[in-house]
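Numbering (the numbering used here), first residue to last: 12 to 416.
For glycine and all other residues, C-beta sits at the position ideal for the given N, C-alpha and C.
Structure first, then comments.
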């Protein structure tokens with residue numbers, strides 16, 4: 012009878028009236044109705060049933076409610092598209108083109124995956140360069156979206172042009188140009204074109220320049236497309252910047268005038284390839300134009316440069332490089348996120364390249380010293396951009412002048 016002296020183990024009564032989710036999680040339900048406190052604290056729906064078997068409870072789906080602290084945007088792509096619409100679009104377009112980017116282009120992106128991926132890459136790049144510590148490295152998300160955009164874009168081009176794809180293709184080509192111009196892997200001017208010798212030596216933005224125009228040329232005529240019309244190349248949709256500003260010859264350095272034949276109405280064949288670009292650079296440097304106008308003119312000059320001038324840049328022609336360097340000096344301090352880094356790095360690389368290889372050309376040396384001294388609102392001592400700096404040991408143009416004179 013010894014076993015009768017053992018203390019009895021007290022057992023807890025199992026609740027048969029608890030909610031299904033508490034049963035699934037094997038916790039004691041307080042049986043508060045209509046919602047028990049445990050489910051409310053855990054953030055799940057609370058369901059009571061007339062059939063309270065564990066099997067029935069296990070067959071019900073657990074619905075997790077979204078906490079109020081989470082973002083309203085369920086789909087991250089939609090969230091990034093909204094950021095493009097209200098923020099990034101206004102930094103890469105203006106006027107009618109801006110309205111198209113903010114409305115029709117966003118709608119197109121929902122049905123054209125390659126365009127959507129291009130837009131998402133641009134937004135992520137904008138975030139990295141404008142709102143975080145600037146770094147030349149692409150994030151994993153940027154790389155992934157960019158790769159998907161290129162793959163889909165090339166696939167669509169290989170399948171031929173359909174009228175309904177015209178707007179999406181032109182928009183994607185334009186955005187890809189912005190991406191390529193914005194992205195540079197250089198850390199210092201020595202790593203940047205035209206100083207860089209390692210392959211690829213030529214800047215990608217220059218190699219693909221005119222891509223949108225080529226797509227426009229190959230596309231068959233079709234019914235009017237508001238997106239395509241707004242993004243048409245310059246020769247079909249001229250950029251209206253108001254009346255051209257006249258030049259006061261007394262404000263233009265003689266060295267600049269001689270280099271590009273601005274002292275005559277009929278430039279020589281040697282100066283002719285530089286003429287149009289030189290006139291725009293002179294207006295930017297030596298007239299009192301609004302900063303916004305200079306930005307538009309800079310973009311227009313890049314996108315509409317002649318094949319001859321493009322080849323001169325690829326050949327590292329000193330006069331063509333000088334004109335591009337002058338543009339960089341003018342725009343790099345204006346705070347435009349997608350052009351600032353390249354303008355600083357390639358701008359400094361151009362001045363160092365010209366100083367090292369063409370210092371014996373009097374007019375080029377005179378222009379370099381004028382720009383170095385800030386005569387055009389350009390490079391000054393101590394001026395830098397966040398994330399862009401010259402390494403120790405780089406010779407400035409003034410120090411090169413001291414060693415060469």
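| message | Please report the straight-line C-alpha distance between residue 439 and residue 320, rounded to a whole angstrom. | response | What the structure shows of the chain is the stretch from 12 to 416, and residue 439 is not part of that stretch, so it cannot be assessed.
| said: If you follow the alpha helix (DSSP H) that residue 154 is in, where does it begin and where does it stop? | reply: 151 to 169
| query | Can you tell me whether residue 363 is buried or exposed, with buried defined as 16 or more other CB within 10 angstroms of its CB? | reply | buried
| message | For residue 197, which residues in the same chain have their Cβ closer than 6 Å to its Cβ, ignoring the five residues on either side in sequence? | response | 203, 356
| task | Determine the DSSP secondary structure at residue 114, reduced to helix, strand or coil. | result | coil
| Taking buried to mean at least 16 other C-beta atoms within 10 Å of its own C-beta, is residue 225 buried or exposed? | exposed
| field | Beta-carbon proximity check, residue 347 vs residue 306, cutoff 9 Å | value | yes
| Under 9 Å, do residue 242 and residue 111 count as touching if we go by C-beta distance? | yes
| If you follow the alpha helix (DSSP H) that residue 305 is part of, which residue opens it and which one closes it? | 302 to 314
| request: Look up residue 286 in the DSSP assignment and say whether it is helix, strand or coil. | output: helix
| Assigned secondary structure, residue 262 (DSSP; H/G/I helix, E/B strand, else coil) | helix
| task | Please check the pair residue 195 and residue 160, which I expect to be a contact at CB under 8 Å, by giving their CB distance rounded to whole angstroms. | result | Residue 195 to residue 160, Cβ: 19 Å. No contact.
| task | Taking the CB atoms as reference points, tell me whether residue 331 and residue 285 lie closer together than 9 Å. | result | yes
| message | Check whether the segment 119 to 127 and the segment 174 to 182 are in contact - that is, three or more C-beta pairs closer than 8 Å. | response | yes
| field | Whole-angstrom distance between residue 90 and residue 71, CA atom to CA atom | value | Because residue 71 carries a pLDDT of 39, less than 50, the predicted location of this residue cannot be relied on, and the following value inherits that uncertainty. Taking the straight line from one Cα to the other gives about 32 Å.
| query | Is residue 57 helix, strand or coil when you go by DSSP? | reply | coil
| From this set, 97, 189, 87, which residue's C-alpha is nearest residue 215's C-alpha? | 189
| request: Measure the CB-CB distance between residue 312 and residue 300 and report whether it falls below 9 Å. | output: no
| said: If I follow the unbroken alpha helix (DSSP H) through residue 370, where does it start and stop? | reply: It is not in any alpha helix (DSSP H) - residue 370 carries neither H nor E in the DSSP assignment.
| task | Have a look at 258, 38, 303 and flag the residue whose alpha-carbon is nearest the alpha-carbon of residue 293. | result | 258
| request: Report the residue from 132, 142, 323 whose alpha carbon sits nearest the alpha carbon of residue 217. | output: 323
| CB-CB under 6 Å to residue 28, same chain, minus the five flanking residues each way: which ones, in chain order? | 42
| message | Between which two residues does the alpha helix (DSSP H) holding residue 128 run? | response | 124 to 142
| query | If residue 238 sits next to residue 115, beta carbons under 8 Å apart, how far is it from one beta carbon to the other, in whole angstroms? | reply | 5 Å
| query | Since residue 381 contacts residue 200 with CB under 8 Å, what's their CB separation in whole angstroms? | reply | No, residue 381 and residue 200 are not in contact; Cβ-Cβ is about 20 Å, not under 8 Å.
| With DSSP run on the structure shown, which of helix, strand or coil describes residue 327? | coil
| message | Residues in the same chain with beta-carbon distance under 7 Å from residue 468, minus the five sequence neighbours each way, listed in chain order, please. | response | Since the first and last residues shown for the chain are 12 and 416, residue 468 lies out of range.
| request: Within its chain, find whatever has a CB closer than 6 Å to the CB of residue 268; leave out the 5 residues flanking it on each side and keep chain order. | output: 274
| request: Counting only the same chain and skipping the five closest in sequence on each side, list residues whose C-beta sits under 7 Å from that of residue 93. | output: none
| said: For residue 106, count the other beta carbons within 10 Å of its own beta carbon; 16 or more makes it buried, fewer makes it exposed. Which is it? | reply: exposed
| task | Can you give me the Cβ contacts of residue 289 inside the same chain, cut-off strictly under 7 Å, excluding the 5 residues immediately before and after it? | result | 271, 273, 334
| task | From the DSSP output, in three-state form, read off residue 219 for me. | result | coil
| Where residue 42 sits in the DSSP three-state scheme | coil
| said: Restricting to Cα atoms, I'd like to know which of 166, 104, 135, 59 is closest to residue 151. | reply: 135
| task | Please classify residue 252: does DSSP put it in a helix, a strand, or coil? | result | For residue 252, the predicted model reports a pLDDT of 46, less than 50, meaning its position is unreliable and no value from the coordinates is stated.
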